[in-house]
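Trainee: Heads up: the protein sequence lines correspond to chains A and B, in order. Per full-length UniProt numbering, the very first residue in the first sequence carries number 1; after that it's consecutive. Per full-length UniProt numbering, the very first residue in the second sequence carries number 1; after that it's consecutive. Where is the CB? At the ideal position from N, CA and C, for every residue including glycine. Structure below; questions to follow.
Number of protein chains: 2
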Amino acid sequence: MAAPLSRRDLQFLLYEWLDVESLTARTEFAEHSRETFDAVLELSEDIATKRFKPFNKLGDANEPYVGPDGKVVLPDEISSGINEFVKAGLMGGSFDESVGGMSLPTVINRAAMAWFQASNPGMSSYPFLTVGNAHLLAEYGTPEQIETWVRPLVEGRYFGTMCLSEPQAGSSLADITTNAVPAADGTYRVTGTKMWISAGEHELTENIVHLVLVKVPGGAPGVKGISLMIVPKFLPDGTRNDVELVGLNHKMGNRATTNTLLNFGDGTHRPADEPGAVGYLVGEEHRGLFYMFHMMNEARIGVGSMAMALGYAGYLASLEYAKVRTQGRPADAKDPSSPPVPIIEHADVKRMLLAQKSYVEGALALVLYCSRLVDESATAADAAERDRVTLLLDVLTPIAKSWPSQWCLEANSLAIQVHGGYGYTREFDVEQYYRDNRLNPIHEGTHGIHGLDLLGRKVVMAGGAGLTALVETISATVERATTAENAETRDHAASLRDALADLVTATREAWSVGDPARTLANASLYLEAAGHIVIAWIWLEQELVAAGKQGDFYDGKRLAAQYFFRYESPKVRQQLVMVGSADTTTLEADPAVF
Amino acid sequence: MAAPLSRRDLQFLLYEWLDVESLTARTEFAEHSRETFDAVLELSEDIATKRFKPFNKLGDANEPYVGPDGKVVLPDEISSGINEFVKAGLMGGSFDESVGGMSLPTVINRAAMAWFQASNPGMSSYPFLTVGNAHLLAEYGTPEQIETWVRPLVEGRYFGTMCLSEPQAGSSLADITTNAVPAADGTYRVTGTKMWISAGEHELTENIVHLVLVKVPGGAPGVKGISLMIVPKFLPDGTRNDVELVGLNHKMGNRATTNTLLNFGDGTHRPADEPGAVGYLVGEEHRGLFYMFHMMNEARIGVGSMAMALGYAGYLASLEYAKVRTQGRPADAKDPSSPPVPIIEHADVKRMLLAQKSYVEGALALVLYCSRLVDESATAADAAERDRVTLLLDVLTPIAKSWPSQWCLEANSLAIQVHGGYGYTREFDVEQYYRDNRLNPIHEGTHGIHGLDLLGRKVVMAGGAGLTALVETISATVERATTAENAETRDHAASLRDALADLVTATREAWSVGDPARTLANASLYLEAAGHIVIAWIWLEQELVAAGKQGDFYDGKRLAAQYFFRYESPKVRQQLVMVGSADTTTLEADPAVF
Chain A
1 MAAPLSRRDL QFLLYEWLDV ESLTARTEFA EHSRETFDAV LELSEDIATK
51 RFKPFNKLGD ANEPYVGPDG KVVLPDEISS GINEFVKAGL MGGSFDESVG
101 GMSLPTVINR AAMAWFQASN PGMSSYPFLT VGNAHLLAEY GTPEQIETWV
151 RPLVEGRYFG TMCLSEPQAG SSLADITTNA VPAADGTYRV TGTKMWISAG
201 EHELTENIVH LVLVKVPGGA PGVKGISLMI VPKFLPDGTR NDVELVGLNH
251 KMGNRATTNT LLNFGDGTHR PADEPGAVGY LVGEEHRGLF YMFHMMNEAR
301 IGVGSMAMAL GYAGYLASLE YAKVRTQGRP ADAKDPSSPP VPIIEHADVK
351 RMLLAQKSYV EGALALVLYC SRLVDESATA ADAAERDRVT LLLDVLTPIA
401 KSWPSQWCLE ANSLAIQVHG GYGYTREFDV EQYYRDNRLN PIHEGTHGIH
451 GLDLLGRKVV MAGGAGLTAL VETISATVER ATTAENAETR DHAASLRDAL
501 ADLVTATREA WSVGDPARTL ANASLYLEAA GHIVIAWIWL EQELVAAGKQ
551 GDFYDGKRLA AQYFFRYESP KVRQQLVMVG SADTTTLEAD PAVF
Chain B
1 MAAPLSRRDL QFLLYEWLDV ESLTARTEFA EHSRETFDAV LELSEDIATK
51 RFKPFNKLGD ANEPYVGPDG KVVLPDEISS GINEFVKAGL MGGSFDESVG
101 GMSLPTVINR AAMAWFQASN PGMSSYPFLT VGNAHLLAEY GTPEQIETWV
151 RPLVEGRYFG TMCLSEPQAG SSLADITTNA VPAADGTYRV TGTKMWISAG
201 EHELTENIVH LVLVKVPGGA PGVKGISLMI VPKFLPDGTR NDVELVGLNH
251 KMGNRATTNT LLNFGDGTHR PADEPGAVGY LVGEEHRGLF YMFHMMNEAR
301 IGVGSMAMAL GYAGYLASLE YAKVRTQGRP ADAKDPSSPP VPIIEHADVK
351 RMLLAQKSYV EGALALVLYC SRLVDESATA ADAAERDRVT LLLDVLTPIA
401 KSWPSQWCLE ANSLAIQVHG GYGYTREFDV EQYYRDNRLN PIHEGTHGIH
451 GLDLLGRKVV MAGGAGLTAL VETISATVER ATTAENAETR DHAASLRDAL
501 ADLVTATREA WSVGDPARTL ANASLYLEAA GHIVIAWIWL EQELVAAGKQ
551 GDFYDGKRLA AQYFFRYESP KVRQQLVMVG SADTTTLEAD PAVF
């Protein structure tokens with residue numbers, strides 16, 4: 001069975017490119033060393049490949065259901081595998097020791113967790129949502145809340161969720177109607193319905209801690225009136241809170257993760273004989289979306305990582321298949337009775353493998369780069385550097401979420417295609433990857449939402465400082481590559497410089513039309529173009545690291561870079577023409593003519 | 001529930017564009033009229049939407065299985081719906097009256113059948129495979145074979161299959177090992193294993209007629225040594241032939257169609273107490289692939305039609321959803337408490353709908369155009385015209401198969417995206433369309449195979465006459481559009497002329513390198529580029545038909561054409577650069593570096 005991820009690639013990116021060892025010189029990570037990093041990576045690979053990957057199909061084929069006792073039933077292997085994860089302390093990888101964590105750099109933790117995402121995405125979502133939930137509370141909760149909720153979350157005794165969407169309000173959080181009314185004891189009573197809540201109900205842990213976006217009376221309309229509540233399934237004294245499972249959603253993929261419709265305060269339970277679910281305010285009223293974005297930004301990079309991991313697993317599976325499956329002969333073969341060759345000998349199969357390689361390795365590098373920025377932001381020497389790094393991360397986040405979601409899904413489609421008819425069957429792994437991955441362009445903000453975020457907010461915030469940070473970062477790489485020994489690398493640098501200039505021009509032109517609706521009409525194309533430019537830059541970075549190094553691995557990096565610059569980068573230009581001209585074909589389309 | 005296909009669009013394409021009424025002036029279709037055409041279309045729509053569409057989910061959720069008695073179990077609704085189709089005489093739509101058919105033009109029959117494909121692809125494959133099978137036998141069978149097999153096939157008492165692939169030989173038919181040995185009585189005895197046989201076993205009919213590619217002793221190696229056999233499940237005297245179901249394949253989609261691994265002559269049954277399955281030679285020995293291509297070319301347009309139909313159903317479902325689902329506000333809305341708008345008001349949703357519209361209506365038009373060519377070929381006034389039309393059809397066939405398979409699958413992905421999280425659930429229809437459609441770029445020749453077919457054979461056959469026929473056809477449209485009143489149409493004509501010139505140049509350059517392996521290294525890109533150029537031409541044709549006509553429907557055609565020319569056509573240029581330069585990035589990639 002093919003490995004779901006490449007240890008060698010992780011080492012290349014972490015140690016040869018991102019120099020994560022240098023982080024151990026910083027106070028925050030001083031107790032760590034290459035040895036402790038490697039130990040966590042090896043431990044994760046071991047548990048993921050032995051206790052998660054073997055049950056990936058099982059979780060898909062045995063979808064969660066509600067048993068006659070009203071409890072959600074999951075296969076036992078899911079529970080026991082997650083227990084192994086918890087027992088190894090991996091839930092606490094990125095948490096401070098004060099709450100029971102390991103204080104690992106985010107970049108190392110992200111790399112370690114990628115083993116689980118690549119091995120069994122449906123299973124790994126339970127702990128990962130919990131970590132995101134606990135991170136938010138560790139940042140914005142009171143000391144008492146941290147003691148009550150964060151500790152058991154990090155210990156894996158409780159799991160967590162994020163409850164944003166409602167049946168009538170998905171992308172538009174301004175329209176949520178779940179409300180929370182202050183009670184006399186300082187708590188709140190929450191009433192409403194939340195939709196698409198992953199891990200919203202299960203029996204894996206003794207409690208489930210929901211972080212719930214609500215409206216509290218007196219708030220402004222729209223997103224400025226949103227508050228954030230902790231609403232646990234069980235109150236600290238053991239009372240059953242009024243959070244009720246209404247139904248499980250039946251999905252195309254990602255089936256091992258329960259996805260739920262939850263009622264809050266529908267009267268099924270009446271804690272202290274009062275209506276409504278008991279909620280505890282996080283931070284201040286009406287600042288809920290600000291806090292939630294803390295979790296969402298992390299979750300968005302997590303979605304990008306999930307998409308990447310599925311793409312990576314599919315790539316390696318199809319690579320292995322292409323090496324052993326024989327079929328056909330070279331285009332210039334003369335003798336029809338010559339033996340068939342492994343399909344990896346065919347140019348078109350190599351094209352499909354190279355495309356996958358350029359997508360999944362590019363996505364992994366981007367996800368790790370962004371995680372490294374999180375560490376830089378947390379440990380920056382001064383405020384100016386922290387601001388710069390934070391801005392850069394803000395600009396890259398919609399790309400880190402969306403680009404892998406689009407292109408690693410495409411990688412999964414190519415992995416099926418390499419397998420031919422076998423790839424379309426459930427006897428092989430790749431069809432599940434494709435189904436699982438189709439979720440990623442939807443949740444944590446659709447593609448369209450991230451396009452609006454990037455062009456409408458991120459590149460213009462702080463007077464354009466975010467875009468400037470990106471341009472300076474990419475330009476520095478271009479400068480270094482301009483003097484590279486390898487002529488191909490120098491060509492790539494020139495090509496990237498041009499594409500970056502096109503991006504800047506298109507941004508300026510789009511914003512010069514004086515009508516935000518027109519500016520943003522082609523925001524999704526802008527997102528795609530910016531994504532391809534960022535990944536081209538990521539590949540140029542990898543080429544520079546590989547420069548002068550010998551061997552198949554480095555040759556592979558050079559080849560994937562060449563593929564990306566020749567086959568992929570040219571797609572950008574026309575997209576930016578549409579953005580820069582603020583084309584109104586879609587904006588002005590009359591709904592009546594469809 | 002949204003209609004799965006548009007009656008209005010069919011009428012536009014058939015009567016306003018393709019002028020199918022004029023076919024009734026030809027001897028072969030003289031008994032037909034617009035009234036009989038419309039009657040078949042309405043009958044098909046009625047049965048498809050009432051007896052096929054309501055069971056599309058049912059067939060997906062209740063996958064065929066082998067019962068304890070060894071028989072394949074399918075939901076009853078599938079059997080009764082297909083019976084309705086048979087009872088209405090629709091199996092015989094395109095057959096001659098001499099074998100019980102209606103003698104309909106292919107183009108009308110194709111349009112009628114699209115209702116079934118759009119309503120329930122898994123169910124409709126049983127009759128469609130039967131029709132393809134019977135067409136082949138009607139063309140190449142002896143009078144006795146036609147009486148024995150074609151009649152009951154057209155009557156729907158027997159169903160048919162095509163058995164090409166084997167476990168070790170999918171794309172490479174040269175490597176099949178199933179063999180047939182002549183018996184003393186003029187029949188053959190067939191031994192071997194066939195894989196991916198759709199409708200290979202079921203209890204829907206009293207017999208199943210397999211058309212099986214085999215090797216007969218004494219044949220040349222490779223595809224020139226292939227013969228074609230009729231191998232029925234039951235012999236004419238009722239004896240059980242030695243065709244045995246080994247297993248059902250479990251697929252990601254298209255589940256209502258059984259897909260089987262079949263053994264021929266494994267000894268489970270011994271007709272006349274001799275080993276091997278009894279087979280009847282079709283035509284002459286060693287010409288089997290020639291005959292099979294008769295069926296395959298029809299099947300390939302059928303696959304394109306299936307992909308189109310799924311894309312069309314998804315487009316209409318997402319269009320309906322976008323009109324009723326409210327979410328968010330326009331980009332320039334100032335008041336966050338204003339009511340949310342239907343999502344079809346958002347530019348990015350309109351983009352996703354326009355893209356779908358341009359893909360699925362473009363694909364439908366192409367499929368019908370090719371079907372019209374089949375009719376032209378069958379009724380051409382002279383040999384020169386028949387040759388021209390046949391060549392054009394030969395060139396268009398790989399595109400008619402592959403382009404809808406690629407872009408109507410993309411349409412299905414966009415239909416999910418328009419639905420947001422709901423689209424990812426099995427409570428809605430679009431996720432199934434997406435799963436069902438993923439098969440189409442694989443079967444009846446993968447994308448890669450059709451790229452090789454187009455660039456390696458079709459555009460160079462007969463001294464390039466196929467490409468010339470295509471270029472002349474497109475150029476004639478460009479000429480007409482050059483003088484169009486609408487400036488946008490004139491721009492499209494100019495753009496298409498340039499793209500066509502690029503295609504011709506790239507073809508010549510690719511073939512000028514003197515190394516077929518290099519010429520064909522980027523054949524898949526060539527296929528995609530040629531496909532986009534053909535669909536751009538199809539849109540220009542539709543624009544010309546709509547010119548000067550008022551109303552939402554025609555405005556919609558103009559808008560979709562505009563979308564295609566602005567957003568899609570520009571993708572072609574870079575693909576042709578790669579083809580023309582015979583780029584060797586993929587060809588020379590060393591498998592060791594992946």
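(1) Spatial neighbours of V513 of chain A within its chain, please: C-beta separation below 8 Å, excluding the five flanking residues on both sides.
(2) Let me know the secondary structure DSSP gives M296 of chain B once reduced to three states.
(3) So within the UniProt domain "Acyl-CoA oxidase/dehydrogenase middle" (162-263) of chain B, which uninterrupted beta strand (DSSP E) runs reach at least 3 residues, ignoring any that extend past its ends?
(4) Taking only runs that begin and end inside the stretch 364-411 of chain B, name each unbroken beta strand (DSSP E) of 3 or more residues, in chain order.
(5) Evaluate the contact criterion for the stretch 256-267 of chain A versus the stretch 363-373 of chain A: three or more CB pairs, one atom per stretch, below 8 Å.
(6) Say whether chain B places a C-beta atom closer than 9 Å to the C-beta of A469 of chain A.
(7) Helix, strand or coil: how does DSSP classify V86 of chain B here?
(8) By how many angstroms is the C-alpha of V246 of chain A removed from the C-alpha of I416 of chain B?
(9) Name the two residues that bound the continuous alpha helix (DSSP H) containing A523 of chain A.
(10) Within a Cβ cutoff of 7 Å, which residues of the same chain sit near T187 of chain A, ignoring the five residues on either side of it in sequence?
(11) Using only the alpha-carbon positions, how far apart do A114 of chain A and E298 of chain A sit?
(12) Return the residues of the stretch 127-147 of chain A that lie within a Cβ-Cβ distance of less than 7 Å from chain B, sorted by chain order.
(13) I'd like to know whether the C-beta of W196 of chain B is nearer than 9 Å to at least one C-beta of chain A.
(14) Measure the Cβ-Cβ separation of T505 of chain A and L467 of chain A and say whether it is below 9 Å.
(15) By DSSP, does residue 611 of chain B sit in helix, in strand, or in coil?
(16) Does the beta-carbon distance from L354 of chain B to L559 of chain B come in below 9 Å?
(17) Leaving out the 5 sequence neighbours to the left and right, which residues in its chain are closer than 7 Å to L58 of chain B when beta-carbon positions are compared?
(18) Taking beta-carbon pairs under 7 Å, can you tell me which members of the stretch 283-314 of chain A lie near chain B?
(19) Closest Cβ-Cβ distance between D453 of chain A and chain B: below 9 Å?
(20) May I ask you to report which of helix, strand or coil DSSP gives V471 of chain A?
(21) In chain A, which residues lie with their C-beta within 7 Å of the C-beta of S172 of chain B?
(22) Quick one: which residues of the stretch 420-439 of chain A get their C-beta closer than 9 Å to a C-beta of chain B? List them in chain order.
(23) Quick check: N259 of chain A and G200 of chain A, are their CB atoms within less than 9 Å of each other?
(24) Which parts of the stretch 102-168 of chain A are runs of the beta strand (DSSP E), unbroken and 3 residues or longer, counting only runs that do not cross its ends?
(25) Apart from the five residues just before and just after R386 of chain A, which ones in its own chain have a Cβ nearer than 7 Å to its Cβ?
(26) Taking Cβ positions, are A169 of chain B and I176 of chain B nearer each other than 9 Å?
(27) Can you grab the Cα-Cα spacing for the pair G222 of chain A / P330 of chain B, in whole Å?
(28) Report the neighbours of Q417 of chain B on chain A: residues whose CB is nearer than 9 Å to its CB, in chain order.
(29) Rounding to the nearest angstrom, what Cα-Cα distance links H286 of chain B and G456 of chain B in this structure?
(30) In angstroms, rounded to a whole number, what distance separates the CA positions of P4 of chain A and A48 of chain A?
(31) Check each residue of the stretch 236-255 of chain A: if its Cβ is closer than 9 Å to any Cβ of chain B, include it; give the result in chain order.
(32) Provide the residue(s) that pair with Y315 of chain B in DSSP beta bridges, ordered along the chain.
(33) Where does A494 of chain A sit, in a helix, a strand or coil, going by DSSP?
(34) When the distance is taken between beta carbons, is A118 of chain B closer than 9 Å to G93 of chain B?
(35) Cβ atoms of V214 of chain B and I226 of chain B: under 9 Å apart, would you say?
(36) Which residues in chain A sit within 9 Å of Y359 of chain B, going by Cβ to Cβ distance?
Mentor: Reading from the atomic positions:
(1) T519, A582
(2) helix
(3) 179-182, 188-198, 207-215, 226-232, 243-248
(4) If one requires a minimum length of 3 residues, no beta strand (DSSP E) run lies completely within the stretch 364-411 of chain B.
(5) no
(6) False, the Cβ-Cβ gap to chain B never drops below 9 Å.
(7) In the three-state reduction of the DSSP assignment, V86 of chain B falls in the helix class, which pools H, G and I.
(8) 24 Å
(9) 523-546
(10) V278, G279, Y280
(11) 14 Å
(12) Along the stretch 127-147 of chain A, none of the residues has a CB nearer than 7 Å to a CB of chain B.
(13) At a cut-off of 9 Å, the C-beta of W196 of chain B has a neighbouring C-beta in chain A.
(14) No.
(15) Outside the shown range of chain B (1 to 594) lies residue 611 of chain B, about which nothing can therefore be said.
(16) Yes; because the gap between Cβ atoms is below 9 Å, this pair is in contact.
(17) P75, E77
(18) none
(19) no
(20) helix
(21) Q327, G328, P340
(22) Those residues of the stretch 420-439 of chain A placed with their C-beta closer than 9 Å to a C-beta in chain B are G420, G421, Y422, G423, Y424, T425, R426, E427, E431, Q432, Y434, R435, R438, L439, ordered along the chain.
(23) yes
(24) 158-163
(25) S377, A380
(26) Yes, the pair counts as a contact, with Cβ atoms nearer than the cut-off.
(27) 14 Å
(28) P441, I442, T446, H447, G448
(29) Taking the Cα positions, H286 of chain B is about 23 Å away from G456 of chain B.
(30) Roughly 9 Å between the two C-alpha positions.
(31) N249, H250, K251, M252, G253, N254
(32) Partner(s): none; Y315 of chain B has no beta bridge.
(33) helix
(34) no
(35) yes
(36) Result: empty, since nearest Cβ-Cβ is about 13 Å, beyond 9 Å.
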